[in-house]
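Participant: First residue of the sequence shown? That's 7 in the numbering used here, and the numbers climb one at a time after it.
Cβ atoms here follow ideal geometry from the backbone N, Cα and C, with glycine treated the same way.
The structure under discussion is supplied below as structure tokens; questions concerning it will follow.
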Amino acid sequence: MENSQKRSTHDPALKPFWRKLFKFDWKFGFFLILLICIPRFVLVLNANQTGNYGPIGAIMLISAIVPFIFLNRNGRKEIGIIGTKNIGGLLMSLIAGLAFSFLLFIIGKAIYRGTFQNWYVYIGKSYNIPQGISGNDKLILFVTMAVTGMIFSPIGEELFFRGIVHGSFARSIGEKKASIIDSLAFSLTHIAHFGLVFISGTWHFHPFPTLIWVVGMFVVSILFFRAKSLSGSLMGAIFCHAGFNLGMIYSIFYLL
Numbered sequence: 007m008e009n010s011q012k013r014s015t016h017d018p019a020l021k022p023f024w025r026k027l028f029k030f031d032w033k034f035g036f037f038l039i040l041l042i043c044i045p046r047f048v049l050v051l052n053a054n055q056t057g058n059y060g061p062i063g064a065i066m067l068i069s070a071i072v073p074f075i076f077l078n079r080n081g082r083k084e085i086g087i088i089g090t091k092n093i094g095g096l097l098m099s100l101i102a103g104l105a106f107s108f109l110l111f112i113i114g115k116a117i118y119r120g121t122f123q124n125w126y127v128y129i130g131k132s133y134n135i136p137q138g139i140s141g142n143d144k145l146i147l148f149v150t151m152a153v154t155g156m157i158f159s160p161i162g163e164e165l166f167f168r169g170i171v172h173g174s175f176a177r178s179i180g181e182k183k184a185s186i187i188d189s190l191a192f193s194l195t196h197i198a199h200f201g202l203v204f205i206s207g208t209w210h211f212h213p214f215p216t217l218i219w220v221v222g223m224f225v226v227s228i229l230f231f232r233a234k235s236l237s238g239s240l241m242g243a244i245f246c247h248a249g250f251n252l253g254m255i256y257s258i259f260y261l262l
């Protein structure tokens with residue numbers, strides 16, 4: 007009986023097949039970062055150059071299903087893939103993400119105005135918003151982009167970064183240090199979205215705007231982790247991320 011309880015207590019989070027190859031620890035988390043983030047970085051840079059953003063949707067889908075590929079039911083529960091009844095926490099998470107996106111808009115607008123050194127201006131370029139669009143046409147396009155932005159990347163990125171990557175590092179170094187690692191991975195990966203910029207057929211790198219952007223992505227990642235902790239579920243991180251994306255897309259469509 008005692009041995010049975012011990013085996014149950016230490017039951018691995020990985021599915022049986024993967025236990026032969028990995029342990030659910032920091033090495034596994036580092037492996038996942040290399041496996042997903044490097045191809046994603048290259049794909050985003052290529053999309054910024056070619057205008058073909060289809061592969062980005064594919065990498066988000068892969069990011070979302072990674073926990074389901076590697077983790078068993080107990081493992082998925084451990085990383086926060088569970089429901090929550092904390093509706094107030096989810097609402098606060100959504101509002102917090104929205105507020106932070108507007109803060110980044112204010113900083114970018116104040117320093118860089120409408121230039122491509124402003125992160126939202128450069129990211130907005132990928133939306134291909136027609137010149138002179140207004141009224142219902144603009145609203146329809148905004149709603150389409152907002153709904154897409156509030157679903158795909160929040161789910162894909164949070165299941166990956168605040169989910170399986172965070173969980174693997176937390177096993178080895180604890181929750182707080184793990185949140186720093188997953189936030190660093192998230193923020194550095196987003197240099198592909200803004201930092202290395204492709205303008206008029208030429209690549210440019212703007213060190214100080216990139217530094218502000220990376221710090222902003224790191225801070226918002228910590229905010230996503232706090233939202234997860236507040237709600238007791240990855241739903242909190244997803245709602246906070248969705249709020250951030252909503253604010254960013256609104257800023258690009260109506261405030262720039």
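Tell me which residues share the same chain as F224 and place their Cβ nearer than 6 Å to its Cβ, disregarding the 5 neighbours each side in the sequence.
Facilitator: So the list reads S189 and S193, once near-sequence residues are dropped.
Participant: Quick one: complete beta strand (DSSP E) runs, 3+ long, within the segment 108-180?
Facilitator: Correct list: empty.
Participant: Residue ranges of each alpha helix (DSSP H) run of no fewer than 4 residues wholly in the segment 43-83, ordered along the chain?
Facilitator: Those alpha helix (DSSP H) runs which fall completely within the segment 43-83 and span 4+ residues are 60-76.
Participant: Quick check on S227: buried or exposed, where buried means 16 or more other Cβ atoms within 10 Å of its Cβ?
Facilitator: It is buried - the Cβ of S227 has at least 16 other Cβ atoms within 10 Å.
Participant: Cα separation between Y256 and A152?
Facilitator: Going from the Cα of Y256 to the Cα of A152 covers about 8 Å.
Participant: Only counting the same chain, and skipping five residues up and downstream in sequence, which positions put a Cβ closer than 7 Å to that of G114?
Facilitator: Excluding sequence neighbours, G114 sits near N124, W125 and Y126.
Participant: Please tell me whether V50 and H199 are closer than 8 Å, where the distance is taken between their beta carbons.
Facilitator: Going by C-beta atoms, V50 is nearer than 8 Å to H199.
Participant: How far does the beta strand (DSSP E) with F211 in it extend, from its first residue to its last?
Facilitator: Residues T208 to F211.
Participant: Let me check understanding here. Comparing Cα to Cα, which of A184, I93, F30 and L40 lies closest to G242?
Facilitator: Among A184, I93, F30 and L40, the Cα nearest to that of G242 is on I93.
Participant: Indicate whether the contact test is met: 3 or more Cβ pairs, each with one atom in the segment 155-163 and one in the segment 180-189, closer than 8 Å.
Facilitator: Touching, no.
Participant: Mind checking whether V203 and H210 have CB atoms under 8 Å apart?
Facilitator: Yes, they are a contact pair.
Participant: Return the bridge partner residues of L20 from the DSSP annotation.
Facilitator: Answer is L77, bridged to L20.
Participant: Could you spell out where the beta strand (DSSP E) holding L202 opens and where it closes?
Facilitator: Its beta strand (DSSP E) spans residues L202 to I205.
Participant: According to DSSP, is L262 part of a helix, a strand, or is it coil?
Facilitator: In this structure, L262 counts as coil in the three-state DSSP scheme.
Participant: Considering only residues of the same chain and omitting the five flanking positions on each side of Y128, which have a CB-CB separation below 7 Å?
Facilitator: The answer, listed in chain order, is F122, F200 and V203.
Participant: Between the Cα of I117 and the Cα atoms of F259, E163 and F214, which residue gives the shortest distance?
Facilitator: The shortest Cα separation from I117 among F259, E163 and F214 belongs to F214.
Participant: In whole angstroms, what is the alpha-carbon distance linking K21 and K144?
Facilitator: Their Cα atoms are separated by approximately 47 Å.
Participant: With a threshold of 6 Å on Cβ separation, who are the neighbours of L77 within its own chain once the five nearest residues in sequence on each side are excluded?
Facilitator: Taken in chain order, the residues that qualify are A19.
Participant: Please state whether the Cβ-Cβ distance between C246 and G138 is less than 8 Å.
Facilitator: In this structure, G138 does not lie closer than 8 Å to C246 by Cβ.
Participant: Thinking C-alpha only, which one of R168, G81 and L40 is nearest K29?
Facilitator: Comparing Cα-Cα distances from K29 to each of R168, G81 and L40, the minimum goes to G81.
Participant: Taking the alpha carbon of F250 as the point to measure from, which residue in G63, R25, I101 and N58 has its own alpha carbon closest?
Facilitator: The shortest C-alpha separation from F250 is found at I101.
Participant: Under a three-way DSSP split, which group does L41 fall into?
Facilitator: Of the three classes helix, strand and coil, the one that applies to L41 here is helix, per DSSP.
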